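A.B. asks: Would you mind keeping the following structure in view while I ask a few things?
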Amino acid sequence: MMSYDVIVIGGGIAGLSAAAFLSEAAKVAVIEAEPHIGYHSTGRSAAIFIRNYGNETLRALNDVAARFFETDTQTLTDPVLSPRGELLIAKPDELDALDAYCAGATGLERLNAQEACDLVPILNPELISAAVYEPDAQDIDVDRLLQRYAAVMRANGGQIITGQPVQGMAKMGAIWTITTDLDRYQAPVIINASGAWGDHIGQMAGLRPLGLQPYRRSAVIMAVPDKMTCAHWPLFGSINEDWYAKPDAGRLMISPADADPIAPQDAYPDDLVLAQGLYRFEQATTIPVTRPLRSWAGLRSFLPDHTPAVGFDPEVGGFFWLIGQGGYGVQTSPALGQLTRDLVLAQTSVLSEPIIAALSPNRFHA
Ligand SMILES: Cc1cc2nc3c(=O)[nH]c(=O)nc-3n(C[C@H](O)[C@H](O)[C@H](O)COP(=O)(O)OP(=O)(O)OC[C@H]3O[C@@H](n4cnc5c(N)ncnc54)[C@H](O)[C@@H]3O)c2cc1C
Numbered sequence: 019m020m021s022y023d024v025i026v027i028g029g030g031i032a033g034l035s036a037a038a039f040l041s042e043a044a045k046v047a048v049i050e051a052e053p054h055i056g057y058h059s060t061g062r063s064a065a066i067f068i069r070n071y072g073n074e075t076l077r078a079l080n081d082v083a084a085r086f087f088e089t090d091t092q093t094l095t096d097p098v099l100s101p102r103g104e105l106l107i108a109k110p111d112e113l114d115a116l117d118a119y120c121a122g123a124t125g126l127e128r129l130n131a132q133e134a135c136d137l138v139p140i141l142n143p144e145l146i147s148a149a150v151y152e153p154d155a156q157d158i159d160v161d162r163l164l165q166r167y168a169a170v171m172r173a174n175g176g177q178i179i180t181g182q183p184v185q186g187m188a189k190m191g192a193i194w195t196i197t198t199d200l201d202r203y204q205a206p207v208i209i210n211a212s213g214a215w216g217d218h219i220g221q222m223a224g225l226r227p228l229g230l231q232p233y234r235r236s237a238v239i240m241a242v243p244d245k246m247t248c249a250h251w252p253l254f255g256s257i258n259e260d261w262y263a264k265p266d267a268g269r270l271m272i273s274p275a276d277a278d279p280i281a282p283q284d285a286y287p288d289d290l291v292l293a294q295g296l297y298r299f300e301q302a303t304t305i306p307v308t309r310p311l312r313s314w315a316g317l318r319s320f321l322p323d324h325t326p327a328v329g330f331d332p333e334v335g336g337f338f339w340l341i342g343q344g345g346y347g348v349q350t351s352p353a354l355g356q357l358t359r360d361l362v363l364a365q366t367s368v369l370s371e372p373i374i375a376a377l378s379p380n381r382f383h384a
């Protein structure tokens, strides 16, 4: 039986960021079901940081994360962000959506069709009524970020245990015992960072589900025509988020921006969904769709209000929720990891009280 101050269930970006920050002051273990960390959603993202993405609470987290990415030198020995930009285009019947996206956003430039095509020459100008450009959007080196969290945690004496799905959980007095096929582990605090399995782990601990729903999102890699260079293009897509594309090592990653509700699982793409998304991409651009070189799918797991749940369960002591990161879990990971540390160690957070309340799992028990 191994004992820790904190056990984190889930070796994705959420679990490892929390573990890295907590390991500064606590003995931490991460238990991951798969043979290696980052296997599920974290290893399948579009790897972009968009400051204006998400609701007001998410944008507050994005601001804290941006400060971390810009100024941290302890966790990040090398930068993990690099310039990319994001361009969203609107057809005549999508101008309301464009206005809604701009409301409350900062650092956006409104462009006309020609200006949009100057940035991404394969766009069809006849189908663009207006566009919005966010020059500050940046690529995230997700693997480097994940590995840095892991390295910091290990350097602080933390342990990452892979290949052991948590099978059971029980609380005696103030101590939780976690059971896997191979071992048993004890700690007074359990952090549920199990991604799409968040409600499943909650139920294993005897808690009511919060209403987490995983949605599948897919992507393909496609070559661009010979002699075309796309490396400097921004991420580009429709304002209604029914497709988007992003340069990826000289090719394009194209996503149908699908959001089909499915049960937690090792997600894989649906050919019809990919074909429909590629059709929408083809309609908006001037290049032919060719045979995808690779495809994949991952899960974006949302709570009903599209805001993560971060905090101790109000009914069962020592059980901490860190779920519902949706499509923003990589970019918000420094903010949510630091908030988790501050709440677990009863420290002051840089986030305001209303933002902490908006993230609290208490909202599901009101
Ligand atoms: C196609 C796509 C594009 C995306 N693009 C972006 C983007 O550009 N920017 C961004 O910020 N976010 C993006 N996201 C969202 C982002 O990937 C997620 O929000 C984030 O990875 C969630 O991290 P996580 O650690 O909560 O989940 P995961 O990475 O899924 O980690 C959860 C871990 O818990 C483990 N686990 C589950 N049950 C158990 C158990 N019983 N015992 C032990 N371990 C268990 C799982 O094996 C898993 O490894 C995208 C997602 C997808 C699918």
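Going by this note's numbering, 20 is the number at position 2 of the sequence shown; the sequence numbering is gapless.
In this text, a Cβ means the ideal position worked out from N, Cα and C, and glycines have one as well.
This structure is a prediction, so every number in the text was calculated from the model and none was measured.
1. Should residue 262 be labelled buried (16 or more other beta-carbon atoms within 10 Å of its own) or exposed?
2. Whole angstroms is fine: what's the gap from residue 247's alpha carbon to residue 268's?
3. Assuming residue 191 and residue 58 are in contact, meaning their beta carbons sit under 8 angstroms apart, how far apart are those beta carbons, in whole angstroms?
4. Are there three or more Cβ pairs, one per stretch, closer than 8 angstroms when the region 133-150 is compared with the region 103-116?
5. What is the residue span of the beta strand (DSSP E) that residue 270 lies within?
6. Would you identify the three-state DSSP class for residue 157, choosing helix, strand or coil?
7. Can you tell me whether residue 127 is buried or exposed, with buried defined as 16 or more other CB within 10 angstroms of its CB?
8. Whole-angstrom Cβ separation of residue 66 and residue 157, contact assumed at under 8 angstroms?
9. Just confirm the distance between the C-beta atoms of residue 177 and residue 47, as a whole number of angstroms; I'd bet it's less than 8 angstroms.
10. Does the distance between the C-beta of residue 60 and the nearest non-hydrogen atom of ligand 1 fall short of 7 angstroms?
11. Mapping DSSP to helix, strand and coil, what is residue 289?
12. Do residue 222 and residue 208 count as a contact pair if the criterion is CB distance below 8 angstroms?
13. Considering only DSSP beta bridges, list what residue 186 is partnered with.
14. Whose C-beta lies closer than 8 angstroms to the C-beta of residue 329 among residues of the same chain, with five residues either side of it excluded?
15. Using a threshold of 7 angstroms, is the CB atom of residue 52 nearer than that to any non-hydrogen atom of ligand 1?
16. Using the C-alpha atoms, what's the distance from residue 181 back to residue 368?
17. Note the first and the last residue of the continuous alpha helix (DSSP H) segment covering residue 83.
18. Following a CB-centred definition, is residue 94 positioned closer than 7 angstroms to any heavy atom of ligand 1?
19. When the Cα of residue 274 is compared with those of 301, 343, 365, which residue comes out closest?
20. Closer than 6 angstroms by C-beta to residue 203: which residues in its own chain qualify, once you throw out the five before and the five after it? Chain order, please.
21. Is it right to say residue 200 is buried, meaning 16 or more other beta carbons lie within 10 angstroms of its own, or is it exposed?
22. Rank 334, 331, 239, 243 by C-alpha distance to the C-alpha of residue 293 and give the top, closest one.
C.D. replies: According to the structure shown:
1. Locating residue 262 in the sequence shown gives position 244, where the first residue counts as 1. Buried is the call here.
2. Taking the sequence shown and counting its residues from 1, the one referred to as residue 247 is at position 229. Taking the sequence shown and counting its residues from 1, the one referred to as residue 268 is at position 250. The straight-line gap from Cα to Cα measures roughly 7 angstroms.
3. The residue labelled residue 191 in the question sits at position 173 within the sequence shown. The residue labelled residue 58 in the question sits at position 40 within the sequence shown. With a Cβ gap of about 33 angstroms, residue 191 and residue 58 do not count as contacting.
4. yes
5. Locating residue 270 in the sequence shown gives position 252, counting from the first residue. It spans 269-273 - the beta strand (DSSP E) in which residue 270 sits, taken as one unbroken run.
6. By one-based count along the sequence shown, residue 157 stands at place 139. Three-state DSSP puts residue 157 in a strand.
7. Stepping through the sequence shown from its first residue, residue 127 is reached at position 109. That one is exposed.
8. Here residue 66 refers to the residue found at position 48 of the sequence shown. Here residue 157 refers to the residue found at position 139 of the sequence shown. That pair is a contact at about 6 angstroms.
9. In the sequence shown, counting from the first residue as 1, residue 177 sits at position 159. In the sequence shown, counting from the first residue as 1, residue 47 sits at position 29. The Cβ separation is near 5 angstroms, so the contact holds.
10. The residue labelled residue 60 in the question sits at position 42 within the sequence shown. Yes, the beta carbon of residue 60 sits closer than 7 angstroms to at least one heavy atom of ligand 1.
11. On the sequence shown, residue 289 is found 271 positions in, with the first residue counted as 1. Correct three-state label for residue 289: helix.
12. In the sequence shown, the residue the question calls residue 208 occupies position 190. In the sequence shown, the residue the question calls residue 222 occupies position 204. Taking 8 angstroms as the cut-off, the beta carbon of residue 208 is found no closer than this to the beta carbon of residue 222.
13. Residue mapping note: residue 186 aligns to position 168 of the sequence shown, counting from 1. Its beta-bridge partners are 197.
14. The count along the sequence shown starts at 1 and reaches residue 329 at position 311. Taken in chain order, the residues that qualify are 338, 339, 361, 374, 377, 378, 379, 380.
15. Here residue 52 is taken as the residue at index 34 of the sequence shown, counted from 1. Flag set: Cβ of residue 52 near ligand 1.
16. For the purposes of this step, residue 368 is identified with residue 350 of the sequence shown, where counting begins at 1. For the purposes of this step, residue 181 is identified with residue 163 of the sequence shown, where counting begins at 1. So the two alpha carbons sit approximately 35 angstroms from each other.
17. For this step, residue 83 is matched to residue 65 along the sequence shown. 74-89 is the extent of the alpha helix (DSSP H) around residue 83.
18. Here residue 94 refers to the residue found at position 76 of the sequence shown. No.
19. Taking the sequence shown and counting its residues from 1, one reaches residue 274 at position 256. Answer by Cα proximity: 301.
20. Position 185 of the sequence shown holds residue 203. Cβ within range, chain order: 20, 25, 196.
21. Looking up residue 200 in the sequence shown gives position 182. So residue 200 counts as exposed.
22. Locating residue 293 in the sequence shown gives position 275, where the first residue counts as 1. Residue 293 has its Cα closest to that of 239, out of 334, 331, 239, 243.
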